[in-house]
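J.:
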Amino acid sequence: MKSAVTLVFVLFLTSLFPSCSNEDDAQVSEQLTGTWLVLGYQNDGSTSLDTPPDGTEEITISFDGSAFNGNTGRNNFSGSYSIENDFLSFPSINSTEVAESEWGTRFFNALNEAYNSTSQEYLLKFDIVQGQLIIEYQTGNTLVLRKI
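Quick note on the numbering used here: the sequence shown kicks off at 195 and runs consecutively.
1) Just the Cα atoms here: how many angstroms apart are Ser-286 and Arg-300?
2) Using the rule of at least 16 other Cβ atoms within 10 Å of the residue's Cβ for burial, across every protein chain shown, is Pro-247 buried or exposed?
3) Would you decide whether Thr-336 is buried or exposed? Buried here means 16 or more other CB atoms lie within 10 Å of its CB.
4) Excluding the 5 residues flanking Ser-289 on each side, which residues of the same chain have their C-beta closer than 6 Å to its C-beta?
5) Identify the residues that DSSP records as bridge partners of Ile-255: which are they?
6) Glu-307 lies in the beta strand (DSSP E); which residues open and close that run?
7) Assuming Lys-319 and Glu-330 make a contact with CB atoms under 8 Å, what is their CB distance in whole Å?
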């Protein structure tokens, strides 16, 4: 009898772990919801931020539910996303293709660095730290955004 109770208890505890992860993902999704402004890039663990040149159009991205959309100043982009643990997953990114600025091109190139040909999606490790969204698009290279 005691082993049956222990087994039921272990099964109960095991069933809690996936729900904790889902709750964490839901909480992160709530923090992510809104519009974010690209502040710049940090490369290879540098503490300095490479910011946009003066006069460059702002790049923004908005997250809502399971959809995202944004603007580079010259082009719009959109798609769907999901959160799993500390990764953003974009199955695809749709965008317009008007002559892009250097800053906008750098943004799209960063996203392309995160494309995983095996899963055929963009996988971006991310974290929200002190009001900033930090997206790692390549090992050691991050995109830094703040909520507006």
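Where a beta carbon is used, it is the ideal one built from N, C-alpha and C, also for glycine.
Nothing here was measured: the structure is a model prediction, and the numbers come from that model.
T.: Well, looking at it:
1) 18 Å
2) Exposed is the call here.
3) buried
4) Asn-269 and Phe-271
5) Trp-230 and Gly-264
6) Per DSSP, Glu-307 belongs to no beta strand (DSSP E); it is in the alpha helix (DSSP H), 296-307.
7) 4 Å
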